[in-house]
Structure formats: C-alpha cells, structure tokens
Amino acid sequence: MRPQRHAECAHALKHPLDVALHPVDVQQQAGGRQLAARVGIAGHGRYQDRGLILRHSCTIEDLPDRRRRFTLSQLPEIPAELEIRLEQEVDRILARVGRRIVLGLPLGLGKPNRLINALYRRARSDSTISLEIVTALSLDIPQPKHWLEARLMDPIVERLFGHDYPRLEYLVDLAAGRVPDNIRITEFYFQSGSALGKPARQRHYISSNYTHVARDLVDRGVNLIMQLVARDRAGRLSLACNPDVTLDLVRRCRATGARMPFAIGHVHPELPFMHGDAVVDQDFFDVIIDEPPAQPLFALPREPVSLQDHAVGFHASRLIADGGTLQIGIGALSDALVHSLILRHRDNPSYLAAIAALGRAAPPGLGEDAPLAEGLYGASEMFMDGFMHLYQAGILKREVFDDIELMRRVNAGEQHQQAGTGVVMDGGFFLGSQAFYDFLNGLDEHQRPRFRMHGVGRINQLYGGQEALEIEQRRHARFVNTCMMMTLTGAAVSDGLADYQVVSGVGGQYNFVAMAHAMDDGRSVLMLRATRNSGGELQSNIVWQYPHVTIPRHLRDLVVTEYGAVDLRGRTDEECIQAMISIADTRFQDELIGQACAAGKLDPDWRLPEQFRNNTPQALAERLAPLIAAGRFPDAPFGTDFTPVELRLIPALRSLKKLGQSRFALIRAALSGRPADCREALARLGLDAPRGITEKLYARLVAAALRESGRL
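In structure tokens form, the structure reads like this:
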C-alpha cells in the first residue's frame, strides 16, 4: 500500500504559508512545444528530445529576487556584545557540564535561539564535543521551494519576522543534510509535515505522550536545559510560555534522585509574565542572562478559515456544555470552533438559523444551542489565540479555585464567589499571533493572575495527588482535538502515515482522550475534514482501515466532520460504522459500506438513511449561503496578517498546484489564462510585465488559477 501524504495535519502546527504554497514546477507537467506554441512563447527555453515536457526548470537562483532574505545560506549577524556574552556562556557550559552534553530545549516559543546556535556552532567546529539536542516543535521561518513562492512570501515574512530573525542553525543543517556525526537532534514533535522524507529526523524521533517527555529526558541523561524567561517589575522570574516540561523535569529529578541539569534562563523583555507554577525563584536557574536576546517572539500568522472548516467547527460548538471546561489546539478548525461559540453566545438567532439550515441533529443528550451564560473554564496544554477571543467575548469566565470544598460548593450552586477572584485559564505552554502576545502583556494586575501556566503533568492528566480537586474544576470537560483520518470503527490517525513517517507527533492528544474517559462527565471530541485533495485526487479521510493509528478504537468517543457529529462511546462496531458513514462525504459512502459488509462488520441489508445521502460541498454551501452572504462565516473571523491581494493569491496558488497534477489541465489553464483580468495580483508577484518564457507562462497560469479558485 502506498502511503498517503497529507499536506496538512490540522491537529499539528504547520506554518500557514507552508500549508498554502507549493505551486507546480513547469518542468513537471506542461506539454512542451505544443503548449509553448499555443500560448505564443515558442522558440524559447530547453526541451527534451521527445518534445513532450517543457524543461524550463526555474529555481530561485534562476530568477534572483532582491527581496530574498531567508535562504538556507543566509543567517543574520549577531550583535557583537551579545555574541561575546554567548561565547562566554558556552565556555561556562563546557566547564560545568563537560564535553558530553544532552541539551533539553522547550517546545515552541521558549527556545533562546542565539544561545542554542552558539553552542551548536561550537560543537560543529569541535568534534571532541558530543551534543544531543532533545526538543520538540522547532519553529522556523517558511522556506520557499519555488521562485514564485519566494515572490509571494518575502514581503509576508518581512512583516511578520523582520529581516534578522535568528533561525535555528541545527534546522538549517538538518535541511541541508550536514549535521556532523558528533551531534544528534532528537525530537518528540515536529512542525507539521516538516520532517516527511527526512531520514535523519525520522530516525531520531521519540514517540511519547507529552506527559512522559520529562521521564524520557531524565532517562537520556539530560544535563543541560536553557529557555527564555520573563521578569516582572518586582524582579520575579516566570517560565512564561514554557513551564510545560521544565517543571515536570525538575520534579522528576527530585523524585528519582537524578542529577539536576545545569539550567540557563535568558530573560526576554517582550515575553509575557505568567502566574501559576510558572513563577520560580531566582535560584531555579544556575545562570540568568539579562542581555536582550535580539530575538523577536515567533508569531504565527492568523490563517483563513474555509467553509469546510467553519462547518466542522460549528458542529463541534454544539457539543460544548455551558458551565463546562474546554481544551483546544491550534489551527483553522479550532478557530472555526471558537468563532461558532462566539456566534452562539453573541448572535444566537444566527446560530439557531445555521442549525436549521444544516438540518443535522446533535448526538442525543449532547446538543447545546443557548448562549453560554455560565461560561467556560480553559484547561488546555496549549494556551493560544482562541482562548483570548473567548475571554474577550465574555465566554471564558467560569472561575475555579484551588480549594476542593469551595469548588464543591460552587459547583453545587451553594456558594457564589465575587467575580474576578478565581482562575479562568490553566495552560501548559503558549504560542500564537503577535496580537495574542500583546493581549497577554496588556493584562492588568487583577486580570493576570486569572491566567496560569503549569507543567503538563498537572494539565494533561489526573495524576499527582489532586485528582478530586481537578475533577471538580474540570467539570463537563470537552477535550477537542483534530486528526487527519479516522477508521470506520473509531480509531484516529493524527500524527503519522502508513509507513511510520511522522507528520507531527502524539503530543498531548492521547492524554486528553484518556482523561475524557476517566471523568464521568468528560468527553473527547475529535474533529476532521471529511475529504482532502491528495496528488490532484479527492480522497476520503474516513477510511475502512489504516496501518497506523494514534488513538485506538477502544477510546472512541465523539467525532465531527463538516457533515455532523456522532457519538461512538459505548457503541458496537456496527453502530460505529453506521454513524461514521453518516458523516462521510457522499462520494465515498458506497465504497465504505461495501468494505464494511465484505468484512462482516455491517449487515448487507442495512441502508443509509436518505438524509445523509447529500453530504457534498455543494450542498453545504447552498445550505449556508444566506448566512455566508450575511457575513456570519467569514474567511478571516479574527482578522488576518495577509493583504487582500495575498488572500486572493494563496488559494489561487493552491489551485495551481492541483492543476499541475494533470498535463491537460495545465495546458488548458495556460491557454485560458487572461493576465489582463488580474493585473493587481500579478503585480504582487512581479508578473504584470513578464520577461521571458517562464514568466509569461506563469502569468497565464496564475490568472487561470485565480479564476479557478473564484478569486479574480
């Protein structure tokens, strides 16, 4: 079986630009001399002897662009004073730790890139140093694979990161295949899709629950940790964005008697100071660097939300209990869920109209449609933009207290606390947009303590001696995650492919699914899109079977696609199969029914009710058309970091990639493209006055793609 390649795992983190952009290279498909002659550009370029395939294989180097700043060979210079200090710290590390270093780095935002790079460079130049870096989610600026991508991306990257963002040099060397033998990069979570087809990264991946990472670090002999930290006006330190593994690691060392790693904290003046267990004493670190790290906070662009995503999020929003607890991740599906919760709370008539238009009942006993009067409490490993939006909308407001008797009285309605005295959000790490970081930095002295950060051992599970309190706090929990595929019997594929190529990682998904089953009123909700386009071919994300799964079928619970939500908990295999087929795309339902019947898991006489026989994108768009026209399901519900022209070009380049899967489709596109119809968009790509065969051809292709995607 050939492994299916996903362009995006929604549950994992992938840069929106990477998701959007991989336009086809002309050399792959176009019809050679015939195409060149018919579009009026014959007589240029190089052709294969067969005369079938146009061989103008242009690269970034073929069409140099002065705006190109983030190629693999170009890294920004370090301020001289900071470079001296960092080299001194590397000397100190070698003196204290020795020449065999196992470096534990935080997931995501909290990496001190310049200090990491200084240590990495030293080890790269000195083969007597053994360096193993153990980490996850190494964030990187997206790198274009094609000159057309570069023209679109460069101004966006400049706006988001400036021209001097310090990329992690170990990522640069991993991409180039030049990590020396004395260095190993070990990861337990990838930026989604970034490691596919990269043997070194795939071989050195650790498959582990988020809550087990601290254990694994100790077992691997971690002897050095370093991370960005925040300092408040009183001089206190906070682990801020990354108490997640650091706190669990320290506790693990104390519990097992393992040697504490040498710890370095680098104070970042723009990093939000967070309360909770994240607040630590000065002596938590062996060294504190106060010099500014010359490293902007890595901000994720706010990505568009499609109608398909909106429908998934809407159905999921009906499963969220007022007065309950919410865990969500990041990505378009989570944004869609948050948007629909806000619609439910602020514009309930429109919300009810959407329910009527979709005509799909929620699972019995679980559907909610009223405004969230009591509000929600957030208990999520990841604290991100969505929770900010819920707080600002007056939804994230249910308060919890670290007193079990008080929590019991509050939950029973026997005691009412003054608003603002409790906690509305407990998280393990945070990552988001620049607007999110500004929000956190703008919290006043009364608001800030309501948002706390802890180790994932406290957030992602019910172990640690406070289970009774945490169950009271997390009442009516809905742990909402996303996956790539699901089998008809309820197993979820979230992190990898059939050949065990890892797309992202397990992260905390299994933790939250298991915790939902451990709580009497907790539920796991897995969201996925019913279909995807793979290699130019439409494929179902609901499948009969798949060789790799992340969540086993015995933990099946609530599942949501754009066509509805179903409850699989406690159901027989046949009942699960029938339910999953009812939320599959109609174009694949008969095939799925046949596979289940052939395996003896579905009664051959069973018939899918007619009400589920119109699960198509066209029908979905028709049902929601009035609400879309009224602006209730916008493309950018929480704003965007892209210009209007860029928002037109991103889906157009996606469409261009699909066209590139078929030679004849590409020929038709080149023949039909009318550059005069879209000069503004072409100007953004430098194609309004094309020079040479390649630019002329791409101007036509982009024009056709804009029309194909409805973005003229």
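Numbered according to this note's numbering, the sequence shown spans residues 1205 to 1916.
A virtual CB, placed ideally from N, CA and C, is assigned to each residue, including glycine.
Do residue i and residue j have their CB atoms nearer than 9 Å?
i: F1655; j: G1636; result: no
i: F1518; j: L1475; result: no
i: L1421; j: R1456; result: yes
i: A1695; j: G1726; result: no
i: G1700; j: H1658; result: no
i: R1441; j: G1469; result: Residue identity check: residue 1441 is Leu in the sequence provided, not Arg. Contact: yes.
i: C1167; j: L1453; result: Residue 1167 lies beyond the residue range present for the chain, which begins at 1205 and ends at 1916; the question has no answer from this structure.
i: Y1750; j: A1702; result: yes
i: R1836; j: D1551; result: yes
i: M1878; j: R1858; result: Here the sequence assigns Arg to residue 1878, which means Met is not the residue at that position. Not closer than 9 Å, so no.
i: V1710; j: F1394; result: no
i: M1690; j: L1732; result: yes
i: T1471; j: A1434; result: The residue you asked about is not Thr; residue 1471 is Val in the sequence shown. Yes, these two residues count as a Cβ contact at 9 Å.
i: S1744; j: E1795; result: yes
i: A1720; j: F1683; result: yes
i: P1147; j: N1317; result: As displayed, the chain neither begins before 1205 nor continues past 1916, which places residue 1147 out of reach and without an answer.
i: I1532; j: M1586; result: yes
Assuming residue i contacts residue j under a Cβ cut-off of 8 Å, what Cβ separation, rounded to an integer in Å, is found between them?
i: D1789; j: T1754; result: No, D1789 and T1754 are not in contact; Cβ-Cβ is about 22 Å, not under 8 Å.
i: H1549; j: I1493; result: That belief does not hold up - the Cβ atoms of H1549 and I1493 are roughly 44 Å apart, past 8 Å.
i: L1951; j: L1313; result: Nothing can be reported for residue 1951: it is not among the residues displayed for the chain, which extend from 1205 to 1916.
i: G1582; j: T1415; result: So it is not a contact: roughly 18 Å between Cβ atoms.
i: G1401; j: V1306; result: With 8 Å as the limit, G1401 and V1306 do not qualify as a contact, their Cβ atoms being about 27 Å apart.
i: F1846; j: I1854; result: 7 Å
i: Y1374; j: I1360; result: 25 Å between Cβ atoms; not a contact.
i: V1449; j: P1310; result: 7 Å
i: R1564; j: G1768; result: 4 Å
i: I1297; j: L1323; result: 6 Å
Apply the 10 Å Cβ neighbour rule to residue i and answer buried if 16 or more other Cβ atoms are within range, or exposed otherwise.
i: S1398; result: buried
i: S1538; result: buried
i: L1276; result: Its pLDDT being 38, under 50, L1276 is placed unreliably by the model, and nothing is read from it.
i: W1810; result: exposed
i: Y1667; result: exposed
i: T1263; result: Confidence at T1263 is low in this model, with a pLDDT of 38, below 50, so its placement is unreliable and the value that follows should be read with caution. Label assigned to T1263: exposed.
i: R1300; result: exposed
i: A1184; result: Residue 1184 lies beyond the stretch modelled for the chain, which goes from 1205 to 1916, so this question has no answer here.
i: Q1512; result: buried
i: N1737; result: exposed
i: M1464; result: exposed
i: A1241; result: Only weak support is given to the placement of A1241: the predicted model assigns it a pLDDT of 36, under 50, and the question is left unresolved by the model.
i: I1288; result: exposed
i: D1807; result: exposed
i: Y1714; result: buried
i: D1642; result: exposed
i: P1496; result: exposed
i: T1332; result: exposed
i: Y1704; result: exposed
i: L1742; result: exposed
i: A1800; result: buried
i: P1756; result: exposed
With residue i as the anchor, note down where its alpha helix (DSSP H) starts and where it stops.
i: Y1374; result: E1373 to A1380
i: D1642; result: Q1638 to N1645
i: D1420; result: V1417 to D1423
i: R1304; result: Unbroken run through R1304 is the beta strand (DSSP E), R1304 to G1308; no alpha helix (DSSP H).
i: I1320; result: N1317 to S1329
i: R1388; result: Counting along the chain, R1388 falls outside any alpha helix (DSSP H), though it belongs to the beta strand (DSSP E) covering I1387 to E1391.
i: Y1360; result: The residue asked about is misnamed: residue 1360 is Ile in this sequence, not Tyr. W1351 to F1365 is the extent of the alpha helix (DSSP H) around I1360.
For the beta strand (DSSP E) containing residue i, name the first residue and the last one.
i: Y1581; result: Y1581 to F1587
i: G1896; result: Segment G1896 to E1912 is the alpha helix (DSSP H) holding G1896; no beta strand (DSSP E) there.
i: E1814; result: Careful: E1814 lies outside any beta strand (DSSP E) and carries neither H nor E.
i: S1334; result: S1334 to T1339
i: V1433; result: L1428 to R1435
i: L1290; result: No beta strand (DSSP E) contains L1290, which is instead part of the alpha helix (DSSP H) from A1284 to V1301.
i: F1920; result: Because the chain is modelled from 1205 through 1916, residue 1920 falls outside the range shown and cannot be assessed.
i: I1410; result: Taken as a continuous stretch (DSSP letters only), I1410 belongs to no beta strand (DSSP E), as it is neither H nor E.
Does chain D have any CB closer than 9 Å to the CB of residue i?
i: Y1595; result: The structure shown contains no chain D; it holds only a single protein chain.
**Report entry** Those runs of the alpha helix (DSSP H) which lie wholly inside the region 1723 to 1798 and span at least 4 residues
**Finding:** 1777 to 1786
Report task. For the region 1651 to 1714, list the alpha helix (DSSP H) runs that are entirely contained and at least 4 residues long, ordered along the chain. Result -> 1660 to 1663 and 1671 to 1677
Query raised in the report: Where in the region 1508 to 1552 do unbroken runs of the alpha helix (DSSP H), each at least 4 residues long, occur, reported from the N-terminal end onward?
Result: 1511 to 1521 and 1536 to 1550
Query raised in the report: Which runs of the alpha helix (DSSP H) spanning at least 4 residues fall entirely within the region 1446 to 1505, listed in chain order?
Result: 1450 to 1460
**Report entry** 4-residue-minimum alpha helix (DSSP H) runs that sit fully inside the region 1554 to 1613, ordered along the chain
**Finding:** 1589 to 1596
Requested in this report: Mind listing, in chain order, the continuous alpha helix (DSSP H) runs of no fewer than 4 residues lying wholly within the region 1819 to 1884?
Outcome: 1821 to 1833, 1848 to 1863 and 1867 to 1876
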